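Student: Note that the sequence shown covers residues 165 to 622 in this note's numbering.
Built from N, CA and C at the ideal position, the CB exists for glycine as well.
Bear in mind that the values here come from a model prediction, so they are computed numbers and not experimental data.
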Amino acid sequence: LAIQFRFRTVVGNPDTFLYNTNTIDNLSDPDWNVKQFMDVTALIRQGDPATPMFTTIVLGTNLPTPPVNIGPRSTPNYETNLAEPAISTIPTGAGDIKVFAGQRDEAFYIDLGSIFDLLGLRPFNSAHLAPLATSHGVDATAGYNVHTIAIQIPTQLLTATGTLPTGPTDPHAILGVYSTASRPGTRVLNTNGTKTEDPADCGTATSPGGTAPTSGCVQVSRMGNPLFNELLIPIGSSPTVSENDKDRYNAELPATDVNRQDFVRGTASRPVEPVALINLLYPPVNDAPTSGRNDLVRVFLTGVPGATRFPFQNDPNDPTAGPGSAPAEYIRLNTAIPATAPESVNRLGFIAGDNAGYPNGRRINDDVVDITLRVAAGVLLPGNACAGGTVNCNSAPNNELGDGVNENDKPFRSTFPYLASPFDGYSNQFHGREGLAIANPTPAGTGSQTLPTPSPRP
Numbered sequence: 165l166a167i168q169f170r171f172r173t174v175v176g177n178p179d180t181f182l183y184n185t186n187t188i189d190n191l192s193d194p195d196w197n198v199k200q201f202m203d204v205t206a207l208i209r210q211g212d213p214a215t216p217m218f219t220t221i222v223l224g225t226n227l228p229t230p231p232v233n234i235g236p237r238s239t240p241n242y243e244t245n246l247a248e249p250a251i252s253t254i255p256t257g258a259g260d261i262k263v264f265a266g267q268r269d270e271a272f273y274i275d276l277g278s279i280f281d282l283l284g285l286r287p288f289n290s291a292h293l294a295p296l297a298t299s300h301g302v303d304a305t306a307g308y309n310v311h312t313i314a315i316q317i318p319t320q321l322l323t324a325t326g327t328l329p330t331g332p333t334d335p336h337a338i339l340g341v342y343s344t345a346s347r348p349g350t351r352v353l354n355t356n357g358t359k360t361e362d363p364a365d366c367g368t369a370t371s372p373g374g375t376a377p378t379s380g381c382v383q384v385s386r387m388g389n390p391l392f393n394e395l396l397i398p399i400g401s402s403p404t405v406s407e408n409d410k411d412r413y414n415a416e417l418p419a420t421d422v423n424r425q426d427f428v429r430g431t432a433s434r435p436v437e438p439v440a441l442i443n444l445l446y447p448p449v450n451d452a453p454t455s456g457r458n459d460l461v462r463v464f465l466t467g468v469p470g471a472t473r474f475p476f477q478n479d480p481n482d483p484t485a486g487p488g489s490a491p492a493e494y495i496r497l498n499t500a501i502p503a504t505a506p507e508s509v510n511r512l513g514f515i516a517g518d519n520a521g522y523p524n525g526r527r528i529n530d531d532v533v534d535i536t537l538r539v540a541a542g543v544l545l546p547g548n549a550c551a552g553g554t555v556n557c558n559s560a561p562n563n564e565l566g567d568g569v570n571e572n573d574k575p576f577r578s579t580f581p582y583l584a585s586p587f588d589g590y591s592n593q594f595h596g597r598e599g600l601a602i603a604n605p606t607p608a609g610t611g612s613q614t615l616p617t618p619s620p621r622p
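(1) Report the three-state DSSP secondary structure of Ser290 (helix, strand or coil).
(2) At 4 residues or longer, what runs of the alpha helix (DSSP H) sit wholly inside the region 405-461?
(3) Whose C-beta lies closer than 6 Å to the C-beta of Tyr242 among residues of the same chain, with five residues either side of it excluded?
(4) Note down, one range per segment and in chain order, each alpha helix (DSSP H) of at least 4 residues found wholly within the region 257-329.
(5) Where Ala500 and Asn529 are concerned, what is the direct C-alpha to C-alpha distance, given to the nearest angstrom?
(6) Roughly how many angstroms separate the alpha carbons of Thr536 and Asp275, rounded to a whole number?
(7) Identify, in the order they occur along the chain, each residue of the same chain with its Cβ nearer than 6 Å to the Cβ of Gly525, setting aside the five sequence neighbours on each side.
(8) What separation, rounded to the nearest whole angstrom, lies between the Cα atoms of Val310 and Pro231?
(9) What number of angstroms, rounded off, separates the C-alpha of Asn570 from the C-alpha of Tyr273?
(10) Gln316 and Lys359 look like a contact to me (Cβ under 8 Å); what is the Cβ gap, rounded to whole Å?
(11) Which one of Gln425, Thr504, Leu460 has the shortest CA to CA distance from Ala490?
(12) In whole angstroms, what separates the C-alpha of Leu191 from that of Gly224?
(13) Could you give the DSSP three-state label for Phe476: helix, strand or coil?
(14) In whole angstroms, give me the CA-to-CA distance for Pro240 and Thr187.
(15) According to the neighbour-count rule (16 or more other Cβ atoms, all chains shown, within 10 Å of its Cβ), is Asn563 buried or exposed?
(16) In terms of residue numbering, what span does the alpha helix (DSSP H) encompassing Ala540 cover?
(17) Any idea if Gly257 is buried or exposed, counting beta-carbon neighbours within 10 angstroms, 16 or more meaning buried?
(18) Quick check: Ile167 and Val204, are their CB atoms within less than 8 Å of each other?
(19) Between which residues of its own chain and Asp421 is the CB-CB distance below 7 Å, once the five residues before and five after are set aside?
(20) From Thr378 to Leu417, what distance separates their C-alpha atoms?
(21) Is Pro255 buried or exposed, if buried means 16 or more other CB atoms sit within 10 Å of its CB?
(22) Rounded to a whole number of angstroms, what is the C-alpha to C-alpha distance between Val461 and Ala541?
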């Protein structure tokens, strides 16, 4: 099943430079000069996977999208007047599908500035090979907005049987999800300032955009697990493993990831780079293995025992369980594992015993940065696998690593599309004053701002 979104821009008045000529009160307001609409199509694969055909179901055409949140003069009462009306509801026999595309608060909270400075984790600065003063994490994305595509689909419309799974062990309970973006394969810049793209519309009725040569479009990016491409796929082509460069990864489908499993697992000649960096840069950490990392293969490529492994399996070391599904980089979700009650959600998800959390799906409040750091440090490895086989990896400090940013800068909505309202351009003060983008000024569970050295987070 593929869901395609195609967007179209309509300019109301070409004789002005203005995005809006007065207050935008509603989605059809003539004072909003640059509107965008979307068509949403479902493509259902049929036949041989090697040469598939797709049945096309149009879910909606000319669906509205909201304007950006400009400010109190241009977009007052943004959520009520503009964002909420842009949520489209598509009725089906199995329940409603909801669709939204528009500006939302950026919810991927992370201390980018520190992490990209030689994998700095501010709460653990004193433990770094190049030590600095320990401090709280800084949410680098606080105050920023992103353009979001969100869709909510009843579970039974996603399973192969068209029914709700009977339980977590139901072979139809586990889904694999990834997203791609495709662009026209040819763009010509004409001397009169216009441009010509072939084709004008990506994708065809028989191909999700970019997956077949006849579509005329080229897949330019894909994403399953957050941070997989960023941390595990090198920038340039490897002379020995051509599948391991970012451009090729972005252009290919998950079926090709079988060729990447040794790169994720690590070998003696090609260690898992993020793991090797943690071992090198943080001497107090109990060194995790840099090769033979079947736990990483499970998290990213085949599914985690007890949650997303297909066929379902609890024991990662059961020799009778078989190989599981073919390696492919998806976000996997066991739809039969009940959602955790909001008051009981653990930001560390599966590794903290909250089996409804990442890497079983990815909830927007899951702290994928801290989870990924701790998984790299070996918390899912059984027995004494760290420090040369003498220490259980799921112990301090390996199971305490984190960037010090533990939550989003805004509370999430309790209803679709769940992401918080975007900041408006007029009132947003985050990037005009130093220090406003600090997350968690007081460590969780304490009433003091005195920092231990290093300062692990729960």
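Tutor: According to the structure shown:
(1) helix
(2) 410-415, 425-429, 437-445, 458-461
(3) Asn233
(4) The DSSP assignment places complete alpha helix (DSSP H) segments of no fewer than 4 residues inside the region 257-329 at 276-279, in order along the chain.
(5) 20 Å
(6) 14 Å
(7) Scanning its chain for C-beta atoms nearer than 6 Å, with the 5 sequence neighbours on each side dropped, one finds around Gly525 the residues Leu497, in chain order.
(8) 13 Å
(9) So the two alpha carbons sit approximately 8 Å from each other.
(10) Gln316 to Lys359, Cβ: 35 Å. No contact.
(11) Gln425
(12) So the alpha carbons of these two residues sit roughly 17 Å apart.
(13) coil
(14) 8 Å
(15) buried
(16) 532-540
(17) exposed
(18) yes
(19) Leu465, Pro491, Ala492, Glu493
(20) With a pLDDT of only 41 at Thr378, under 50, the local geometry of the prediction cannot be trusted, and no value is derived from it.
(21) Exposed is the call here.
(22) 14 Å
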